[in-house]
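Here is the structure we will look at, set down as structure tokens.
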Amino acid sequence: MGSFSLHASCLAKHNLPWSNGCSQNLNSLRIPALRGPGFLSRKASKILAFYGLKSPPYALDALEPYMSKRLLETHWGEHHHGYVEGLNKQLEKNDILYSYTLDELVKVTYNNGNPLPEFNNAAQVWNHDFFWESMQPGGGGMPELGLLQQIEKDFGSFTNFKEKFIEASLSLFGSGWVWLVLKRQEKRLEVVKTSNAVNPIAWDDIPLMSLDTWEHAYYQDYKHDRGKYVNAFMNHLVSWHVVTARIIRAEAFVNLGEPKIPVA
Amino acid sequence: MATSTPPAKLELRPPPYPLDALEPHMSQNTMSFHWGKHHRAYVDNLNKQIVGTELQGKSLEDVMIRTYNKGDLLPPFNNAAQVWNHDFFWDSMKPGGGGKPSGELLKAIERDFGSFEKFSEEFRSAAATQFGSGWAWLVYTVNPRPSDGKELLVLKTPNAVNPLVLGYTALLTIDVWEHAYYLDYQNRRPDYISIFMEKLVSWDAVSAKLEVAKSRVA
């Protein structure tokens, strides 16, 4: 997290009518002049932190017909882009929050439940990066092997998990996100709902997959019918490959196996 | 004034104008989903939740305040408050609305905000900065009276919360849940808010509500 998409590939790939989302990254860099009087003695020009708009790992029309190109152009190109720009503007005026990775910035600005002004933008950038990566063209279906075993262990069955996830998505009131999370302390998978920009990394749990239930995530394609959207996500979009990779990585930090106590 | 007995089932009240009356500022398409699906679902779901309970047969306001439960929300609150909020929202608009208020209302706004422009600025800002889903309001408050003596305030509330349960009298509201503006304005919430102020807000309705509020106090 925190890397930025390359200017040229960003523009070419998406052929968007605006360009400042891609060139923003380069324009925000202020590099001190290499010549001129007092170069060596002059303090570095104003230090800026900035984050970039990361592209989804597929073309904007790749999730059709379950999530349209038009919706992705607005959701990624306007909302997600807006959070990045908003965050960078806030950070321009704040040199205390310099030099964090995006993960660190989210946790620091969450401030143990008393969020700083930058939190909403920082977390929403993180949340959207994570969400695009949680989906793939030709997604849906079922997880396999170790991941499936863990889901069956913690939910009883994949069907139970799916029902729980859908129920959480339908009952989340207002704007928010639904997550499949690995709880670090309890060493188990859970379905978690969060409001607005809140994100489980704030209390150090490990998200494996998310669904955006803000109305902007589905309104253009599904209008009020959040149920249809959630089912389309579960059946055709969620990338169990990505979730598998994430849980494998998580196992470097959380021991999910039984402790192996040698018998005397 | 005789009070009527509340019905056993709460009904979906239509807006005081046809669904296409607010075109082009708020499209018929938006109204058909916003009123026909969202508002209707809040009514239907609320009825389902309260049937067979002691809340059935009570007025909407009564249900709302009881289930607000001093901030420890009971399950029917979200639906009850959203029904109330949307009734109030349709009443806050009219075809050929916008412009400036007049008379007592304008005087009160100028007294408490300095000018109509300053009020408009504050109201628009509240609506634009309510993060996630919610509402922005102009409210009248006498009890408790704020220490600076102002009777009119701009508030913003999240999700279904409204000024009534917080002890204020609501005069005007704008819905800033995304479903209120997405079909017509997509992410451009500030444009939606501007159009609401310039073309939709019913100052007649707001004036009438202020009069009622003042007569209760007098």
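These protein sequences, in sequence, are chains A and B.
Numbering follows the working numbering, in which position 46 of the first sequence is assigned residue number 48; successive positions increment by one, without gaps.
Numbering follows the working numbering, in which position 42 of the second sequence is assigned residue number 329; successive positions increment by one, without gaps.
The C-beta atom is built at its ideal place from N, Cα and C for all residues, glycine as well.
Taking the Cβ atoms as the reference, B:L342 lies roughly 5 Å from B:V350, within the contact range of under 8 Å. Just so you know, the alpha carbons of A:P59 and B:S489 end up roughly 47 Å apart. By the criterion of a C-beta distance shorter than 8 Å, A:Q152 is surrounded in its chain by L191, I249, L258, once the five residues flanking it on both sides are discounted.
Among the CB atoms of chain B, none fall inside 9 Å of the CB of A:S57. Look at B:G358: its C-beta is not under 9 Å from any C-beta on chain A.
A direct Cα-Cα distance of roughly 21 Å separates B:V370 from B:Y427. Taking the Cα positions, B:K405 is about 17 Å away from B:I482. Burial is judged here by how many other beta carbons sit within 10 angstroms of a residue's own beta carbon; A:D214 has at least 16 and is buried. Residues K71 of the same chain have their beta carbon placed closer than 7 Å to that of A:D63, with the five preceding and five following residues left out of the count.
A:M211: member of the beta strand (DSSP E) spanning 208-214, first to last residue. Excluding five sequence positions before and after A:L174, the CB atoms of its chain that fall closer than 7 Å to its own CB belong to V180, K195, T215, given in chain order. Residue state for B:W464 is assigned as coil, using DSSP reduced to three classes. DSSP places A:W205 outside any beta strand (DSSP E), giving it a letter other than H or E. Within 7 Å of the CB of A:T76, the CB atoms of chain B belong to Q473, N474, in sequence order along the chain. Residue pairing of B:M380 in beta bridges, as defined by DSSP: B:V488. B:F320 belongs to the set of residues whose beta carbon lies under 9 Å from a beta carbon in chain A. Within the region 438-466 of chain B, those residues whose Cβ lies closer than 8 Å to any Cβ of chain A are, in chain order, P445, N446, A447, W464, E465, H466. A:G88 places its beta carbon 9 Å or farther from that of A:N113.
Using a Cβ-Cβ cut-off of 9 Å, B:N365 is close to F175, G176 of chain A, given in chain order.
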